[in-house]
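Single-structure report; data block below.
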Amino acid sequence: MAQPRPARYVFREVEEDDFPMIATWLAEPHVAQWWGDPDTEIAQIRDHMDSISVEPLIVELRGEPIAYLQSYDPHLEDDHPYQDQPFG
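FYI, the numbering for the sequence shown is 1298 to 1385, going by this note's numbering.
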């Protein structure tokens, strides 16, 4: 008998339709303690959508969105804390 395939995470670009969901996540107390005002954060995420230095992503599991994350190259920042690390 074949074993069921493990669930896979999918990373996709943030879309405009994701912002109400992200706002709900940002308003959760356990999230809000680490983030700023949801409107301000969403405005910054929206700005990142056209950025070459930050890629805003939604993580999905079994087709359901479960997380927001940002992918970025710290070497594109002047004062990043990983300056001693190699590119890549």
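In this text, a Cβ means the ideal position worked out from N, Cα and C, and glycines have one as well.
Looking at the unbroken beta strand (DSSP E) that takes in Gln1382, where does it start and where does it end? Element bounds for Gln1382: n/a, residue is neither H nor E.
Which listed residue (Glu1357, Ala1364 and Val1351) has its alpha carbon closest to that of Glu1325: Ala1364
Rounded distance between the beta-carbons of Leu1358 and Leu1366, thought under 8 Å: The Cβ separation is near 13 Å, so there is no contact.
Rounded separation between Glu1352 and Asp1334 - CA only: 20 Å
Sheet register partners of Gln1300 (DSSP bridge): DSSP output for Gln1300 lists no bridge partner at all.
Counterpart residues of Pro1362 in DSSP-defined beta bridges: BP columns for Pro1362 point to Glu1357.
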